[in-house]
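Scroll down for the structure; my scribbles are underneath it.
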Amino acid sequence: MFAGDIFAGKVFDDYGPHYLLIAGTFLHVFGLIMTSISKTYYQILLSQAVCSATGAELVFSPVFSSFLKKRGAALGLVAAGSSLGGVAFPVLIINLLPRVDFSWTIRCCAFMILPLLLFANFALKSSIKPQKRPIEFVAFWGMFIPFTFIVAYATVHSMSPHIAQYLVCTLNATSLLGRTVPNAIADKVGHFNVMIVMGALTSILILRLWLPSTGNAPVILFAALFGVSPGAGISLTPALYAKL
Numbered sequence: 267m268f269a270g271d272i273f274a275g276k277v278f279d280d281y282g283p284h285y286l287l288i289a290g291t292f293l294h295v296f297g298l299i300m301t302s303i304s305k306t307y308y309q310i311l312l313s314q315a316v317c318s319a320t321g322a323e324l325v326f327s328p329v330f331s332s333f334l335k336k337r338g339a340a341l342g343l344v345a346a347g348s349s350l351g352g353v354a355f356p357v358l359i360i361n362l363l364p365r366v367d368f369s370w371t372i373r374c375c376a377f378m379i380l381p382l383l384l385f386a387n388f389a390l391k392s393s394i395k396p397q398k399r400p401i402e403f404v405a406f407w408g409m410f411i412p413f414t415f416i417v418a419y420a421t422v423h424s425m426s427p428h429i430a431q432y433l434v435c436t437l438n439a440t441s442l443l444g445r446t447v448p449n450a451i452a453d454k455v456g457h458f459n460v461m462i463v464m465g466a467l468t469s470i471l472i473l474r475l476w477l478p479s480t481g482n483a484p485v486i487l488f489a490a491l492f493g494v495s496p497g498a499g500i501s502l503t504p505a506l507y508a509k510l
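Position one of the sequence shown corresponds to residue 267 (my numbering), numbered consecutively onward.
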């Protein structure tokens, strides 16, 4: 998903956010619908991991053009929406799969996303005029390693799969706090100051809590705490770019 930042940022600079949001709405929902009818691995890879993820990236980028005052707090609230989805969708999928088949589970997700994106298309107003610029990018993919592997890690270390599947929900739930409170504080004490503190906290949690842990309690505690620190990093990054 975040690999698309390189190209989405260029389109955003040159043409503004509206084209990105329209294309992203189509690709995100279309990719999910195609996932629901996929039968083989390569079909799921193309529809969900490429098409839908590209659309998700395109709809994520335009929000950064809408806020000039108290940008940290505003972007924190926007980013908190992805945390809320990260709680709601896993719980929805976990509970729908035993009741309906995979196809209708994914379609239900798509039908929930579509009206929200249509509303965003009509509501978007940009405060930034398009201006052609060279391509520049910064990646922070390392923050997403725990989100990707914590369930597998916990299962390998003898945690019940039923409990482990809710670890991502825990990470995203605490990210709601991490993507709002530090951003509001950053508007007062400085975005870079808060980013340094949260970045250090992220490293400490990984090196001193996650990697040495083997039991259930440390892993669950890590999931609860780790959601806070990178949550601030993700939502504060656009505000930092604006300061450069």
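Virtual Cβ for every residue (Gly too), placed ideally from N, Cα, C.
When the Cα atoms are used, Ala354 and Gly282 turn out to be separated by approximately 31 Å. Separation of Met461 and Ala483 (C-alpha to C-alpha, rounded to the nearest whole angstrom) is 28 Å. Between the segment 423-432 and the segment 470-478, the count of Cβ pairs shorter than 8 Å is below three; the stretches do not touch. Boundaries for Met425: no alpha helix (DSSP H) harbours it, and the DSSP string shows neither H nor E there. Judged by DSSP secondary structure, Ile299 falls within the alpha helix (DSSP H) whose first and last residues are His284 to Ser302. Its Cα nearest to that of Pro448, the residue Thr503 stands out among Thr503, Thr414 and Phe488. In this structure, DSSP gives Arg474 a helical state, which the three-state scheme calls helix. Note that the segment 372-380 touches the segment 288-304; at least 3 beta-carbon pairs, one per stretch, sit closer than 8 Å. Judged by DSSP secondary structure, Ala490 falls within the alpha helix (DSSP H) whose first and last residues are Asn482 to Phe492.
Taking all protein chains in view, the Cβ of Ala322 is crowded by 16 or more other Cβ atoms within 10 Å, so the residue is classified as buried. In summary, Asn361 is exposed, with fewer than 16 beta-carbon neighbours lying within 10 Å of its beta-carbon over all protein chains present.
Here DSSP, grouped into helix, strand and coil, assigns Pro364 to coil. One thing to note: Gly493 has its Cβ within 9 Å of the Cβ of Ala439. In the DSSP assignment, Tyr308 falls within the unbroken alpha helix (DSSP H) covering Tyr307 to Ile310.
Rounded to whole angstroms, Ala430 and Phe410 show a C-alpha spacing of 17 Å. DSSP places Thr446 in no alpha helix (DSSP H); its state is neither H nor E. Note on Pro478: under 16 other CB atoms within 10 angstroms of its CB, so exposed under the neighbour-count rule.
Ile500 is the residue among Leu443, Val485 and Ile500 whose C-alpha sits nearest the C-alpha of His457. Per DSSP, Phe326 is one residue of the alpha helix (DSSP H) stretching across Ala319 to Phe326. Shown here for Asn387: same chain residues with a beta carbon closer than 7 Å to its own, the five before and five after excluded, namely Leu287, Ile288 and Thr291 in chain order. In the displayed model, Leu390 falls within coil according to three-state DSSP, outside both helix and strand.
In this structure, the alpha-carbon of His294 lies about 30 Å from that of Ala450.
The shortest CA-to-CA distance from Leu363 to any of Ala420, Ser302 and Leu390 is the one to Ser302. In the structure shown, Tyr432 adopts coil according to DSSP, grouped into three states.
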